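Trainee: Take this structure, written in structure tokens, and hold onto it; I'll ask about it next.
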Amino acid sequence: MSAPDCDFCQNTAKSLTTFHANGGHFVGDATWHITELGKPAGTDPVKVSAYVKVNPHKIVSKRGATPEPDQGRVLLFDFTLAKGKGHWTVKDLDVN
-6 MSAPDCDFCQ NTAKSLTTFH ANGGHFVGDA TWHITELGKP AGTDPVKVSA YVKVNPHKIV
54 SKRGATPEPD QGRVLLFDFT LAKGKGHWTV KDLDVN
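Be aware that the sequence shown starts at -6, since it is given in this note's numbering, and climbs by one per residue.
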């Protein structure tokens, strides 16, 4: 769950909504897996890093488009988590 003020989260949600509304989709196993999780730092907010592996797959950018290969990759996610409404939320997220 993301906090309303997480710009990265809101922008990603809007982009994916538009992507799917235009007929975009993934072909193959486009799943993501955490391969390494760092030790949390702080108490509130908490900062934690995770390496995430994206499996190779194909991307169809819009309805009728030719699938384009995505070779997969490993990304570093730096999360800032904060308590909100009785649970932890993503306050900020940087992807490297």
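For every residue, glycine included, the Cβ atom is placed at its ideal position computed from N, Cα and C. Here the structure is a predicted model, which is why all the values come from computation and not from measurement.
Assuming Lys46 and Thr73 make a contact with CB atoms under 8 Å, what is their CB distance in whole Å?
Mentor: Locating residue 46 in the sequence shown gives position 53, where the first residue counts as 1. Locating residue 73 in the sequence shown gives position 80, where the first residue counts as 1. Not confirmed; about 22 Å, so no contact.
Trainee: Lys84: buried (16+ other C-beta within 10 angstroms of its C-beta) or exposed?
Mentor: For the purposes of this step, residue 84 is identified with residue 91 of the sequence shown, where counting begins at 1. So Lys84 ends up on the buried side.
Trainee: Please work out which residues of its chain come closer than 6 Å, Cβ to Cβ, to Asp71, disregarding the five sequence neighbours upstream and downstream, and give them in chain order.
Mentor: Position 78 of the sequence shown, counted from the first residue, corresponds to residue 71. Excluding sequence neighbours, Asp71 sits near Ser42 and Asp87.
Trainee: So, with DSSP's three-state summary, where would you put Ala23?
Mentor: Here the question's residue 23 lines up with position 30 in the sequence shown. It is coil, neither helix nor strand.
Trainee: Could you spell out where the alpha helix (DSSP H) holding Ser42 opens and where it closes?
Mentor: Against the sequence shown, residue 42 aligns to sequence position 49. First-last for Ser42: Val39 to Val47, but that is the beta strand (DSSP E), not the alpha helix (DSSP H).
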